[in-house]
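I have placed the structure first, in the form of C-alpha cells, so that the comments after it can refer back to it.
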Amino acid sequence: MDAPTLLTATEVQGQATYGMANLRSKTTGLPFVVFISQKAGARHDARVKVSDGPRVHQPDQMGSYQVRPFRHTDGPRLDPADEARLQAWADLNRDVLISYWNGQIEFTEDAIELLKPV
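For the sequence shown, my numbering assigns the number 8 to the initial residue and increments by one for each residue that follows.
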C-alpha cells in the first residue's frame, strides 16, 4: 500500500473550491461573487470567500472572511466599501450561512432559496 500523500496548505485550500457554491450578484446584491460551503472537515468556523468572478484558477485569488465574528482571514481583501457590503450581507444571512456550514441545510439550492440580497 502506498503512503498517503500530504498536501500543502495551498493544495488543501484549493480543494475547498470544488465544494463551494458560487453566488452571483443577482442572489446576493453584491458587486462580486460570494462562495459558500459546508464545513466538510474544516477546523475553522463558518467562512465565505469572495472573488471578482466565478472562475477562480488559484486559491490565492479568493478573499476569505469569517462569518462570526465577521473579519477578513486571508487572501485578497475587499476595499472598505465592499467589505462593509459583505458584512451587511453576512449579518443579514448569518443563520442561513451557519446552518448550511454545519450541514443543517443539506442542499445548496435550499440555502440559496433562503439567502436575502442586500
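Ideal placement from N, C-alpha and C gives every residue a C-beta, glycine not left out.
Same chain, Cβ closer than 8 Å to residue i, neighbours up to 5 away in sequence not counted
i, result
"Pro11", "With a pLDDT of 38 at Pro11, under the threshold of 50, the modelled position of this residue cannot be trusted; read the value that follows with caution. There are no such residues."
"Leu30", "Val40, Val41, Phe42, Ile43, Ile119 and Leu122"
7 Å CB neighbourhood of residue i in its chain, flanking five on each side removed
i, result
"Thr115", "Ala28"
Residue i: CB within 7 Å of a non-hydrogen atom of the ligand PLP
i, result
"Val55", "Because no ligand of any kind appears in the structure shown, any question about the ligand PLP cannot be addressed here."
Residue i, DSSP secondary structure in three states
i, result
"Ser44", "coil"
"Gln68", "helix"
"Arg84", "coil"
"Gln73", "strand"
"Val63", "coil"
"Glu116", "helix"
"Gln111", "coil"
"Leu93", "helix"
"Arg50", "coil"
Sequence-distant residues of its chain with Cβ nearer than 6 Å to residue i (five each side left out)
i, result
"Gly56", "In the sequence under discussion, the amino acid at residue 56 is Lys, which differs from the Gly named in the question. Correct list, in chain order: Phe42, Met69 and Ser71."
"Ile112", "Ser106 and Ala118"
"Ala53", "Val74, Leu104, Ile105 and Trp108"
"His79", "Tyr72"
"Pro61", "Asn29 and Val40"
Bridge partner(s) assigned by DSSP for residue i
i, result
"Asn29", "Phe42"
"Val55", "Tyr72"
"Pro78", "Looking at the sequence itself, residue 78 is Arg, so the reference to Pro does not match. DSSP lists Gln73 as partners of Arg78."
The segment 34–54 contacting the segment 80–94, beta-carbon criterion three pairs below 8 Å: These segments touch.
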